[in-house]
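Chemist: Please read through the structure below; I'll follow up with questions.
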Amino acid sequence: MPEENLIRQLLQEMIISGRSLEEVCRDHPELLEELRARWQEVRVVEQQLDVLFPSSGATPQNTGSIAIEPKLPQIPGYEVLEVLGHGGMGVVYKAQHLALNRPIALKMVRAGAYASEAERQRLRREAQAVAALVHPNIVTVHDVGECDDRPFFTMEFVEGANLAQRLAGTPQLARDAAALIATLAEAVHFAHQLGIVHRDLKPANVLVTPLGTPKITDFGLARHFDGEFALTFTGLQVGTPSYMAPEQARGLPDALGPGVDIYSLGAMLYEMLTGRPPFRAATAVETQRQVIEQEPTAPSRLNPKVPRDLETICLKCLEKDPKRRYATALKLAEDLNRFGRNEPISARRVSALGRLVKWCRRRPTQATLVAAISLVAMATLLATTWWTNRQAAGAFTIQQDLEELEQLGRDSNWAAARTVLERARARDFASAALRERIERAGRDLELVQQLEDIRLNRAAVIGFGFHRRANNPQADAAYAKALRARGLGDSSTPPERVATQIQASAIANALIAALDDWAACTVDKSQLVWILNVARSADPEATTWRSEARTPAAWTDISALERLMHTAPVATESVQLLTALAERAEAAGCDVVSFLRGVQAAHPSDYWSNAALGYALSRASRFAEATRYYQSALSLRPKDATACNNLAIALVQDGRVEEAVSHLREAIRISPESGYSYSLLGNSLNLQGKFAEALEQHREAVRIAPGSSAIRANLGVALQNIGRLDEAIAEFRAAIQIDPKAPGARVNLGMALAQAGHTVEAIDAYRQTIELVPDDPNVYSALGRTLFRLHRMTEALDAFTTAVRLKPDSAEYHADRGVALAQLGQVDEAVECYERTLTIDLTTSESNQFLRTMLMEAGRGPEICTVWKRAITASPSKYNGRAGYAELCLFLDRPDDYRSECTILINRFGSSADAATAEQIAMAGLMAPLSETDAAAIAVIVEKARPEALLLRGLLEYRRNRLDAALPLLERARQSAPVADVGPMPSLMLALIAHHRGDDRTARKMLASAIPGVNWQPQSATGPSGWTWHIVRREAEEAIIPNWDAFLAGTHQPQDNDERLSLIGACEFRNLHHLTAKLYSDAFDVDSALAENRQNDYRYNAACYAMMAATGARNNAVRLNDEERAMWRAKARQWLREELASWKRASANSPQVRELALKRIVNWKRDPDLAGLRESEPLERLNENELRECHLLWAEIDAEVDTLRMLP
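So this is what it looks like as structure tokens:
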């Protein structure tokens, strides 16, 4: 009989707690088989009840379960690897998502064929609940499905143990416990805002990642606030008794409110502080009785180290009455964070009177007599002492406030100190002496805030390059001024005297911390020695390590700095000194990330430890990691605009611009007069292409802070982005005038000058910058590119080589150097540069695009496929990484690779609902003739394209041989679509349609209209658009111009200008610049009006090709003799003079034409194709007559520019 009672008790515990058979039988293994048989009977009965009485939304649920499936389930799309854990109803497996090749956790009904409909519904409900909760501290649901009539869902796989395993009955450090429960409370509040209550929060349902991030899981008992209260089929409550709120244990209707989760959080906090939950008896039923009837033992009685405030928070959560708990989980989190920051908490301990009321409720009879006697005594006492003690009590209270204020100062808890100071100021009965002490404390705290503001301003990251050293001179001066104003002297004052003054101050800790930070930013070596000596002498608790860390010699010795970081007792040292040391070490070239990780781990709740680690990671370009620590810093100071700004900059660098914009707007809301926040917002909006709004933000930034060099330079960049170069140059000059040593403004000035055609001034700006900052590779890169455009290849190569030396891990700089080497004919060295580029950066789209451009310009197109294929293999599931590869294969005449890639695009990405993706895939597939099957598949994809994708739809109809349907679509595309979007494609397709209809005359005219005005040189085809143009151009040329080979052989001469203009594209593509120029020349001889066609710039293009033929630029395929070169130079000068005269005539009576003429003619002065007529290096090789002709030409051009600028 006793055994029978025990079996029933174990069954009941399974039902109540949701624990498995193995768990409840842990202490009674001999009963496992018998209990399994009994449970099997229960399951059969429940199934029969489900048949007789179909379940509804309010059907009772059974949370018990049994492990009856020894084999791992087989689920399509997943490989189930092992069992991770199980509960009363479900089992969780570790599985591999086969398509995405990543581990996931998979949860499904545990009872298999014995699972009731109620259990299936509960699993579905859990998936729905968690799917709605996208929060970093709640497990993420990936997918929901059903296999063999068993529902399942997949979620993120969290490495590590659950909280129960990590606790293992051991009390935790108070601050660690508070921080973890605060994090969980914020996540729980997020769920509550969405109307979801967990109802089974406990350590076993909190997973902890290896980095210590907690994640709430197992929402199997979750309910919406307005859902119906659920009971098991026995009428007992769901949940785990030790963590169950009293109203949940009683089965009351309000057991669905947020209060039940707040109670559970309190129970978990209790266990972390004491090593055990607040209530735990031998059985689940007895535990429930304790939860309902008994008060929890104060945590400090079980663990004397529990702080008083944290105990107050914990017991408030565990109040029997839900109304006496925290109103929301967020309020709980805020109070825990106040505790973590050493600020006063909002919760109040239950007073003696409160405890008396609770005792009276439990023992009303005994309380009546005691109350009567006590009331009489108390009334008498109060009547005789109240007036006498009032004044003394007021003075005594102020004295206590001041003592608390002094203690908070010793603890460096300045936020709490300000609260206490305001409280003291508001009190009555202060004597003159006490009032003076209060005011002195006020002045001290004002200085503390001033010093903190200096440090915050110094910590502001400047721009997206993660440099803040430019802040140091301002901070250096601010520290000196603040301490001098306080009477602490300066570097001429003996350090010992200043140290004595600091030791006597109530804010000695703050002053010493300020000295440590000042040492990290001072620019005066003698002042550094003085600061460190003062700090070392003033510190009353200086350890051996701390004294050595403040030794001036150590701050200039890299090995000493590294030794100090290696031996630092980070857990006991001040964060200010540790981070200052790290900053000095980083400036000396040391890797400080590992050291700062240790500092942050030892001080996770310190703002500066998180901010310093975030900055160091950003400097190392590890932006994803950096954002986590900047977010942590922001959570510690949510009202700090600098924290918002620094996080935003890291987010931008991590590619999360939209999030960055949100934080920058918050920074502006916090600090509306922060010009820097407006400037950063403008930079971020620029990255989003919102140039008009960006310009507004930059204008506002300059209005607020007109004296900031960085802000003026950022406005200049915004203006430069929209082509307003003169205004941009003015802003960059203003920035340099404010700060002559601002390297960023000087580099940007050089770029803007080069872009505006003022190349000589641009080069001067770069060289001046190099004098100021000789180790910045960006300056050398910008200088090299400007010299490259001027064909000053030797100088450009020197600049690129220096950039590579300064930053050898930059793929971009290696590629730049490779291009310069190729232009100088140093092919082998150029190949080495390209190979180095590949080893550095294979996957990023920017570097691949750049490398493709360089290889194409170097005439090494086939190598691009090999390079790109490697990148695709590295990331096969990313569409963006392979978009355009199919077109490249066909452009390079690799049809088999093209068809293979098109098949992958259609099968793997064709289902995308994104219109842009659909258009790109369809365009790739339509570049060659199609089978009916492929045409049908692409037609489905085209249906998802935008309505204005007329070219795409016309091309589809053409490939399906529906010429009548294709024609109007392509005509509309030609007339209405922006040229930048469609280029010559509509005209080329219309030429092909005319040819297929037998109208060769129209076909040739249409082809002739498509070819001019487009740069058909192969090196200009660096992306999918250019490749598709070339593919269709070749298709049209092969169909419409049958005499190409004869033309090259010199046995065929074009019969008319349509044929001449049609041949230009093929000549350009083969770099036959002399033939291109000759085709233009012959066309002008036949029809002089053609040269006046300003829409296509025929004559100007002819001049450029003539010069490329003359100089051998851009890989001219044929080398000409000196006489031929001179002839083409003369032809180029003639065409330019004729073009100049044409613009002069056209602009005489039209201001609009004058504006266009000025823009076009100014461009001649910076066009690299005309460098052979303009730049000093190639001009030096000309004879005297030609040199004079060139000078005369540019004098005429300059005169016309001056005239156009003077006209209204």
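Following my numbering, the numbering of the sequence shown begins with 183 at its first residue and continues without gaps. Every residue gets a Cβ at the ideal spot worked out from N, C-alpha and C, and that includes glycine. Computed from a prediction, not measured in an experiment: that's the story for all the values here.
Taking the alpha-carbon of V899 as reference, which of L584, E977 and A917 has the nearest alpha-carbon?
Modeler: Translated into positions along the sequence shown, residue 899 becomes position 717. The residue with the shortest Cα to Cα distance from V899 is A917.
Chemist: Would you list the residues sitting across from L389 in a DSSP beta bridge?
Modeler: Walking along the sequence shown from the start, residue 389 turns up at place 207. The partner list for L389 (beta bridge, DSSP) reads N344 and K397.
Chemist: Can the beta-carbon of H380 be found less than 8 Å from the beta-carbon of I363?
Modeler: As a first step, residue 380 must be located in the sequence shown, where it is residue number 198. As a first step, residue 363 must be located in the sequence shown, where it is residue number 181. No. Outside cutoff.
Chemist: Which ranges would you report for the alpha helix (DSSP H) in the stretch 1332-1390 if only whole runs of at least 4 residues count?
Modeler: DSSP runs (the alpha helix (DSSP H)) wholly in the stretch 1332-1390: 1333-1346, 1353-1356, 1358-1361 and 1366-1388.
Chemist: Leaving out the 5 sequence neighbours to the left and right, which residues in its chain are closer than 6 Å to F521 when beta-carbon positions are compared?
Modeler: Within the sequence shown, residue 521 is the residue found at index 339, counting from 1. Closer than 6 Å at Cβ, skipping near neighbours: A360, D491, L492 and I527.
Chemist: Taking the alpha-carbon of V929 as reference, which of I945, G377, I713 and R523 has the nearest alpha-carbon?
Modeler: Position 747 of the sequence shown holds residue 929. The shortest Cα separation from V929 among I945, G377, I713 and R523 belongs to I945.
Chemist: Could you tell me if T391 is buried or exposed, where buried requires 16 or more neighbouring beta carbons within 10 angstroms of its beta carbon?
Modeler: Translated into positions along the sequence shown, residue 391 becomes position 209. Classification for T391: exposed.
Chemist: Whose C-beta lies closer than 8 Å to the C-beta of P751 among residues of the same chain, with five residues either side of it excluded?
Modeler: Walking along the sequence shown from the start, residue 751 turns up at place 569. T725 and W727.
Chemist: Name the residue from D908, K276, A924 and E909 whose alpha carbon lies nearest to the alpha carbon of G342.
Modeler: Position 160 of the sequence shown, counted from the first residue, corresponds to residue 342. The option with the nearest alpha carbon to G342 is K276.
Chemist: I need the straight-line Cα distance from A798 to F805, nearest angstrom please.
Modeler: As a working note, residue 798 is residue 616 in the sequence shown. As a working note, residue 805 is residue 623 in the sequence shown. So the two alpha carbons sit approximately 10 Å from each other.
Chemist: Compute the distance between the beta-carbons of L931 and A947, then report whether it is under 8 Å.
Modeler: Here residue 931 refers to the residue found at position 749 of the sequence shown. Here residue 947 refers to the residue found at position 765 of the sequence shown. Yes, the Cβ-Cβ distance between L931 and A947 is below 8 Å.
Chemist: V326 bridges to which residues according to DSSP?
Modeler: The residue given as residue 326 occupies position 144 in the sequence shown. BP columns for V326 point to F335.
Chemist: Quick check: what's the CA-CA separation for K161 versus R1356?
Modeler: Nothing can be reported for residue 161, as the shown portion of the chain is limited to 183 through 1390.
Chemist: By the 10 Å Cβ neighbour count, where 16 or more other Cβ atoms means buried, how is Q589 classified, buried or exposed?
Modeler: Position 407 of the sequence shown holds residue 589. That one is exposed.
Chemist: For the stretch 907-962, list the beta strand (DSSP E) runs that are entirely contained and at least 3 residues long, ordered along the chain.
Modeler: Runs found: none.
Chemist: For G1165, which residues of its own chain have a beta-carbon under 6 Å away from its beta-carbon, when the five flanking residues on both sides are left out?
Modeler: Counting from 1 along the sequence shown, the entry for residue 1165 is found at position 983. Answer for G1165: W1211, listed in chain order.
Chemist: From the DSSP output, in three-state form, read off Q472 for me.
Modeler: Taking the sequence shown and counting its residues from 1, one reaches residue 472 at position 290. Residue state, collapsed to three classes: helix.
Chemist: What number of angstroms, rounded off, separates the C-alpha of L418 from the C-alpha of G433?
Modeler: Here residue 418 corresponds to residue number 236 of the sequence shown, with the count starting at 1. Here residue 433 corresponds to residue number 251 of the sequence shown, with the count starting at 1. No answer about L418 holds up, because its pLDDT of 37 lies below 50 and its placement is not dependable.
Chemist: What alpha helix (DSSP H) runs, 4 residues minimum, are completely inside the stretch 1177-1218?
Modeler: Counting whole runs of 4 or more residues, the stretch 1177-1218 contains the alpha helix (DSSP H) stretches 1182-1192.
Chemist: Does DSSP put K276 in a helix, a strand or coil?
Modeler: Translated into positions along the sequence shown, residue 276 becomes position 94. Residue state, collapsed to three classes: strand.
Chemist: Per DSSP, what kind of secondary structure is L1402 in: helix, strand or coil?
Modeler: Nothing about residue 1402 can be read from this structure; the chain reaches only from 183 to 1390.
Chemist: On a Cα-Cα basis, can you pick out the residue from M1388, Q1235, Q1334 and A1308 that is closest to E1366?
Modeler: Walking along the sequence shown from the start, residue 1366 turns up at place 1184. Nearest option by C-alpha distance: A1308.
Chemist: Name the one or two DSSP bridge partners that L288 has.
Modeler: Counted from its first residue, the sequence shown places residue 288 at position 106. In DSSP, L288 forms a bridge with Y275 and T336.
Chemist: Report yes or no: do three or more beta-carbon pairs, one from the stretch 254-265 and one from the stretch 312-319, lie closer than 8 Å?
Modeler: Touching, no.
Chemist: Per DSSP, R405 is paired with what?
Modeler: Within the sequence shown, numbered from 1, the residue matching residue 405 stands at position 223. Paired residue(s): V379.
Chemist: Using the beta-carbon count (16 or more within 10 Å), is D517 buried or exposed?
Modeler: Start at 1 with the first residue of the sequence shown, and residue 517 comes out as number 335. Buried: at least 16 other Cβ atoms inside 10 Å.
Chemist: Specify, as a first and last residue, the run of the alpha helix (DSSP H) that V843 falls within.
Modeler: Within the sequence shown, the letter at position 661 stands for residue 843. V839 to I852 is the extent of the alpha helix (DSSP H) around V843.
Chemist: Among L778, T754 and A753, whose alpha-carbon lies nearest the alpha-carbon of L763?
Modeler: What you label residue 763 is simply residue 581 of the sequence shown in a count that begins at 1. Selected option, being the one with the closest Cα: L778.
Chemist: Which residue comes first and which comes last in the alpha helix (DSSP H) that contains Y425?
Modeler: Position 243 of the sequence shown holds residue 425. Here Y425 belongs to no alpha helix (DSSP H), and DSSP marks it neither H nor E.
Chemist: How is E1011 classed by DSSP in three states: helix, strand or coil?
Modeler: Start at 1 with the first residue of the sequence shown, and residue 1011 comes out as number 829. Here E1011 sits in helix by DSSP.
Chemist: Can you check which of these residues, A664, R617 and Y1080, is closest to E634 by C-alpha distance?
Modeler: Residue numbering aside, residue 634 sits at position 452 when the sequence shown is read from its first letter. When only C-alpha atoms are compared, the closest one is A664.
Chemist: Rounded to whole angstroms, what's the CA-CA distance from F235 to R306? Just pull it up for me.
Modeler: For the purposes of this step, residue 235 is identified with residue 53 of the sequence shown, where counting begins at 1. For the purposes of this step, residue 306 is identified with residue 124 of the sequence shown, where counting begins at 1. Here the model assigns F235 a pLDDT of 38, short of 50, so the residue's position is not dependable, and the following value carries that caveat. Each residue's Cα considered, the two are about 21 Å apart.
Chemist: For N1345, count neighbouring Cβ atoms within 10 angstroms of its own Cβ and tell me buried if that reaches 16, exposed if not.
Modeler: In the sequence shown, the residue the question calls residue 1345 occupies position 1163. With fewer than 16 Cβ atoms within 10 Å of its Cβ, N1345 is classed as exposed.
Chemist: Pull the bridge partners of E261 from the DSSP assignment, please.
Modeler: Here the question's residue 261 lines up with position 79 in the sequence shown. For E261, which the question treats as bridged, DSSP gives the partners Q278.
Chemist: Whose C-beta lies closer than 8 Å to the C-beta of G939 among residues of the same chain, with five residues either side of it excluded?
Modeler: On the sequence shown, residue 939 is found 757 positions in, with the first residue counted as 1. Closer than 8 Å at the Cβ level, and outside the excluded window around G939, lie V1344, N1345, K1347 and R1348.
Chemist: In whole angstroms, what is the alpha-carbon distance linking A1284 and T951?
Modeler: For the purposes of this step, residue 1284 is taken as residue 1102 along the sequence shown, with counting starting at 1. For the purposes of this step, residue 951 is taken as residue 769 along the sequence shown, with counting starting at 1. Distance between the alpha carbons of A1284 and T951: 39 Å.
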